[in-house]
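Protein chains in written order, with my numbering: chain E, 2 to 416; chain R, 2 to 1002; chain Y, 354 to 446; chain B, 4 to 222. Yeah, the Cβ is synthetic: ideal placement off N, Cα and C, and Gly gets one too. For clarity, every value in this text was computed on a predicted model and none was experimentally measured. Notes follow the structure.
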Ligand SMILES: Cc1cc2nc3c(=O)[nH]c(=O)nc-3n(C[C@H](O)[C@H](O)[C@H](O)COP(=O)(O)OP(=O)(O)OC[C@H]3O[C@@H](n4cnc5c(N)ncnc54)[C@H](O)[C@@H]3O)c2cc1C
Ligand SMILES: NC(=O)c1ccc[n+]([C@@H]2O[C@H](COP(=O)([O-])OP(=O)(O)OC[C@H]3O[C@@H](n4cnc5c(N)ncnc54)[C@H](O)[C@@H]3O)[C@@H](O)[C@H]2O)c1
Ligand SMILES: Cc1cc2nc3c(=O)[nH]c(=O)nc-3n(C[C@H](O)[C@H](O)[C@H](O)COP(=O)(O)O)c2cc1C
Ligand SMILES: [Zn+2]
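Dropping the structure here:
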């Protein structure tokens, strides 16, 4: 059933008894054309675009827990495309363009809200880098504006603009087309749309081994049995090393906890996304009213989905520095995800030396924004067995050649 | 003024000698010391306290502690206002003021309640299905949704209060000071263990504060008082009332939040913090966190006046407040019986106990009869009547399998429905510690499973609900925990006798069948999640408990579902034909109750947010009117404007002074590392790209450090002080990084390398004088060093005295002029500086800041790591191939430089730029574009890294990284910034004194 | 919030330490002899195990010594602490 | 050196002397700056007999090998900072003598002797609540069962690195801190002491206060 106001009213009268399942809970088939490992946003998007753009519908998405339960379901939902290097800018901008029509495409309200993303700048060095970045972004035909101190103040009057604070705000860069989307809706929307095109979403199905015939993949061993396919795409974020390892592939990835937290819900007070790499925090307010915020990763490797309190303490000090009035608000819940960090802070969306095995990982602290774009190029890579122009540069070989795409600046603060 | 009509004349633990007045929604009321806002409101007959999140349904008080889901208020006003405070935890103080949240214009008449009428169209997740049209209209809809959402309001002024944090260590941390926790603390404290006992309530005693129980044949609270006195006398026991243990982190770290002065109300004396965050490292933890009573899920169970039975009982016993006049008590277990009796004792007209069980234990019949309370077995309440408060209840017989109501309703006329759906042990901290809860069908609740950290649960937190059991487990747990830390013999102290009535089994009752008149049966009242929502989620495929939570938002409110989660998942289990154990719980996460940001920030606010590092000359710079630049944590003078000068004018003046005569700059922040050892030379050869073998004592050399990938990492001058002794300098920002880097290599990789590093960054104050008159000035003050170039050439150093101060003088230059860097013991920095200023007056000695320093070095084409480099830049890119030794077989980064990408001809290389328009200073960060198009996209081939107006050249100039730049000298390129294009000629990146005569002369 | 036992100073709070990533990665004796791929292995490729991880930490705010740690990346339990240069012990339970 | 009055200690700008009291009265925390104390970093392998002997000759005592302990004499003592690292602390302006003596005695072994006096200062804290104040910023357990006179430790106080040295059971602590962080540390500590009462004392009073108590450890 189509989601629409009319059906909502009709079902309201009908006590909502008529809504079908958004996605099925099928039993695994023996064989698929493509298996996507990982039922996060990227995996589901890949499956969706495989079916929609490439007509490959005999696809399974295999998820070890509940779909969307990885980083997709625990991220701070910042969407933007203001990246420095051309390769990144094009890929993230493709994604942003997809976001702009995604709610309608999926017929699921993703609450994609282009409320703007404002990066604050607190010292002269950062200011120089900011201009470099804004100019590069604009020349790639992506929106980005420089805001002077006064403009920052006018845009977000509740920011602490006192010039005598420890790290006074000197200016900022604003991408108005950036914003937030509802994280869970993204997973569910892609799942529903993919399901409607015939994709099987297999939850509680953990991949334990990847089956190979020589240098070719043939299928997977899962907690729900053996499933065969000639092509397998791994999109497992924090577990990238583990799953790639099953195919005998080493990755330049390290898994770290990235923590986030929400305040209690309050009436609207912050209408945009504020990020500051220098004091290290970023914050937005969700439609439900919580302030959603995060900072940087915990430095140690971890698969535990939890981090250390001192990271939160520093983050709170930073947010109170920017917004002294938030001091009396309260943290309602804190959590963490496991992010897959690449040495150059850019993702890997690539074929591998193992035939039929593709990896999509390394999105680290910032891949939510890329969800549709990542799925789009990865579907292309799998379907055509060659990368799309947009993800060509994001191959594994770059770590050997040295042709890295260093986006540490863009990722200075996790987002 | 009101009469506290629901307050009994005697009893309770309030301080009747301390009458207080407070305001709620603008009206004044009376209360007493020891009240909470909730108990005082109830005493005054206020039942309607707030409006719900989504439907704006009228809501009252359901609980007596931190599990309260409904009674959230905006506490206080002005800068001290605080949203979403649970009325049950807001301690009464004089002139307390509070208001309902989420209603307009008032809690009685709330416009938002229109949502209630539209409720049929606003089920769980409705927003995912609509507001999609027209495309891009979402932000329009969102505007309204955002305004409707949220509960209270953030303050709009900075917080006037102070917060702080402290670390603490103990052998045994006991969480919860009910009977179990007190017993544990006693057992551990008596044998000498360091104990921290924390309870979130203002008073210790836990459930005993709300029960009329007996211990050792006396009121249980006498035992509590005795225990408190004993604990207070133990020197190693720390008692923390009003302190919530909010998080259980790795390695037995606990996060505690203590409300130090909140209960005193706004004060002017701020020597004490408002709240204090405790970070406790405990060797052993005893969790005595008790259990939380579950409500029952029946139609309109959210009406003000539906209350947990234990809460109603607590209001009666602890605060002498009757939560209603006419009550019925509805239960599926024994615990509501003593509640009914206590309510009756307190003067509430308890009409009946409605027990879902067919055969309640006989022990209760007689006491009920004595009090004239009916007992209706096999029955339950299926609907509450009334709107803004309970006006009655419909009670039905329940089918044996619980699936249907049987027969006709019996209506009770009541204003209080006290409910008990059983008890859930408070497992939050246990779960946070990594433990997995286990479902215990006997009590129909999750209980702690195996421990993952050094922790044990005791008492109700472990599913033990008898007082005797709680005491016994507490004593045993405390003794065992102490023993595990090496105290005592592990033998539990004897357990005093209690007056427990043995409890019978409970009858699980998760969803009372609907009475069928369209009421809503709430699972999570705070987030307005109904049983129908749970059903809808399951039908739509959101069958994992985590999906259920997120789709319906159950358990996602400020109470985190303390009272609702188990009901929700049990209903889901029923719908999906799974067992409750299979469905499992959602993940418990900190904090147990919300924690103030200010407390987490602690003292790191305002001017203590982050250390300001200052050189010994900082006060001089300040007095001289310098503006400062942040470089890492350092404050460095940026420029010294004279009256009315702009940055541009000041910098032109400062530059001019250096080039023409003499400038002086504070260079103290440069990193300095003292390196000693027979392998020091070997080390330098490994960490720098150039060769160091032929550096003589008395000389210094510039070096470049790379990371293993060949990218420039840091640079600086290193001097040879002795055969095995060097003085290394680093960039200001890189000092700690380089020191760590050297230590890491030597400690982890080159274990037998004999070399030691000592940071001497701040030991020295470094003052550089630069300009044609530098030597002349120095000569006046430095009698013991021969300054003639032959004796003291460029890139040499000498020890001597300057102005009588022992000094080490380096003849190095970052400005391109004759220059000396004078290093003196830091404490003498000001003295040196002042002498130089005085003696240099005749040369018009001019202090200059970082901006001038940058201009001067750029004129010379000297790079700044971090400005001309960005982690993707090799020495070759910088045109510094000359510094990369071809002879050395190895140095860090050598192999990285030979990777395929590093050899590309089109890499970005350092060039100079001369703008064609000589008035046009390029924007730093401007991009060099391959072709100018009417509008973007335009391909980029480099960017401007540094750009200044040069007083010396009389024109602007810049440094840039440009693709294949070195082969493009002489070309003109287009430089684009914010839509304007400038043209510039590509030149070699050196503009001043190309032969270097000035700095050598 | 890890509590890590420095081999010299004993158990200290995580805030005193800095993490150094995977341990036992030896610098190639002759880097120039390696292919780009093999060099990339050394530079970038990491085991990143889910479970016991041999890693190094430095007691940065303490005695400034580097040392090795075996730590479980799921439970965060520390199974062993040993000095630089010592071989990796068998991972305990 | 220059005229003493021209020298600036890292906390001079706070004019502590002007705030100093002769008798701290009931203040729970009493603090002062110990100015110009000599501090020499000594590095070497205590297992090397030549080093051990040389160090002992130069100092008059063997630098402690037990981690986080202090040994020595009243006017010159060594803090263990690492398995091959000590901080030799001595009376004001004795650093040159110490450096010279150590260098002479250690010539020929692999050792490093570096004057670091000017890079750090010492904040002395004493009073009934000295321990509580330190706990507010420092994760180390200072309970008498875990720490005590003659013990030292490097750690953090809030966002500054410090070396803690407990001198007596009063308790009295010396907090060594980099001079560029001294202003921050002082202000944080003063704020943390508010609730206990805070008094500033000058060096002679500091010494007198310490003498009143049974001398333990070093001064
Ligand atoms: C706290 C936090 C904040 C963030 N904030 C932002 C932000 O603001 N903006 C932004 O753009 N990005 C952000 N990110 C990053 C972003 O969340 C991720 O990059 C993105 O969601 C990754 O999506 P994914 O689908 O690749 O991974 P996931 O959603 O993690 O999906 C991977 C799935 O693979 C499954 N899986 C793993 N192993 C197996 C196996 N063996 N078998 C089967 N299934 C398996 C996992 O269970 C998981 O569901 C944040 C991340 C975190 C943790
Ligand atoms: N009859 C029944 O079914 C039933 C059920 C439950 C409890 N009880 C009675 O309740 C009592 C239980 O004793 P107990 O000692 O186990 O529990 P308790 O409820 O008496 O005490 C628990 C204490 O822990 C505190 N607490 C909980 N979480 C906390 C946290 N995170 N931080 C700080 N404090 C926290 C609470 O404020 C409370 O004071 C017994 O008397 C028992 O008979 C009876
Ligand atoms: C953008 C966003 C908003 C959230 N808002 C809430 C919230 O209002 N209430 C809540 O309890 N949790 C909220 N959460 C956190 C989730 O409850 C949960 O902690 C998170 O998805 C991680 O899952 P886990 O805690 O089950 O591991 C939010 C999470 C995200 C990503
Ligand atoms: Zn140590």
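Under DSSP, the beta-bridge partners assigned to residue 255 of chain R are R:249 and R:281.
Of all alpha-carbon atoms in R:708, R:735, R:353 and R:726, the one lying nearest the alpha-carbon of residue 717 of chain R is that of R:735.
Neighbours of residue 373 of chain Y across chain R, judged by C-beta separation under 9 angstroms: 745 and 749. The Cβ-Cβ distance between residue 112 of chain B and residue 28 of chain B does not fall below 8 angstroms.
Taking each of E:327, E:400 and E:348 in turn and checking the Cα distance to residue 158 of chain R, the smallest one comes out for E:327. In this structure, residue 820 of chain R sits away from residue 859 of chain R, with a CB-CB distance that is not shorter than 8 angstroms. Interface flag for residue 316 of chain R against chain E is unset, since no Cβ pair is found closer than 8 angstroms. Look at residue 385 of chain Y: its C-beta is under 8 angstroms from a C-beta on chain R. One finds 896, 897 and 900 in chain R with Cβ atoms closer than 8 angstroms to the Cβ of residue 392 of chain Y, taken in chain order.
For residue 487 of chain R, there are no C-beta contacts with chain Y under 9 angstroms, since the nearest C-beta of that chain is about 15 angstroms from it. Short of 7 angstroms from the beta carbon of residue 220 of chain E, and not among the five residues preceding or following it, lie these beta carbons of its own chain, in chain order: 212, 227, 228, 229 and 230. About 6 angstroms separates the beta carbons of residue 190 of chain E and residue 111 of chain E, which is inside the 8 angstroms limit, making them a contact pair.
A distance below 8 angstroms separates the beta carbons of residue 285 of chain R and residue 482 of chain R. When secondary structure is reduced to three states using DSSP, residue 888 of chain R falls in the coil class, being assigned neither helix nor strand. The residue among R:446, R:237, R:621 and R:154 with its C-alpha nearest the C-alpha of residue 329 of chain E is R:154. Distance from the CA of residue 398 of chain E to the CA of residue 905 of chain R, rounded to the nearest whole angstrom, comes to 16 angstroms. Following the DSSP letters along the chain, one finds residue 819 of chain R in no beta strand (DSSP E), marked with neither H nor E. Within the stretch 165-187 of chain B, 181, 182, 183, 184, 186 and 187 place their CB atoms closer than 8 angstroms to a CB of chain R, listed in sequence order.
Residue 870 of chain R is a Cβ neighbour of residue 864 of chain R, given a cutoff of 8 angstroms. In the same chain as residue 356 of chain Y, and ignoring 5 residues on each side of it, the C-beta atoms closer than 6 angstroms to its own belong to 364, in chain order. Cβ-Cβ separation between residue 731 of chain R and residue 674 of chain R: approximately 7 angstroms, consistent with a contact (criterion under 8 angstroms). Per DSSP, residue 75 of chain R is one residue of the beta strand (DSSP E) stretching across 73-76. Exposure of residue 21 of chain B is indicated by the presence of fewer than 16 other C-beta atoms within 10 angstroms of its C-beta.
Distance from the CA of residue 59 of chain B to the CA of residue 77 of chain B, rounded to the nearest whole angstrom, comes to 16 angstroms.
Around residue 39 of chain B, the beta-carbon contacts reaching into chain R at under 8 angstroms are 828.
Residue pairing by DSSP places residue 174 of chain E opposite E:120 and E:147 in a beta bridge. Distances taken from the Cβ of residue 205 of chain E to the heavy atoms of ligand 3 include none shorter than 7 angstroms. Under the three-state reduction of DSSP, residue 29 of chain B is assigned to coil, being neither helix nor strand. Taken through DSSP and simplified to helix, strand or coil, residue 190 of chain E comes out as helix. Taking a 10 Å sphere around the C-beta of residue 829 of chain R, we find 16 or more other C-beta atoms and assign the residue as buried.
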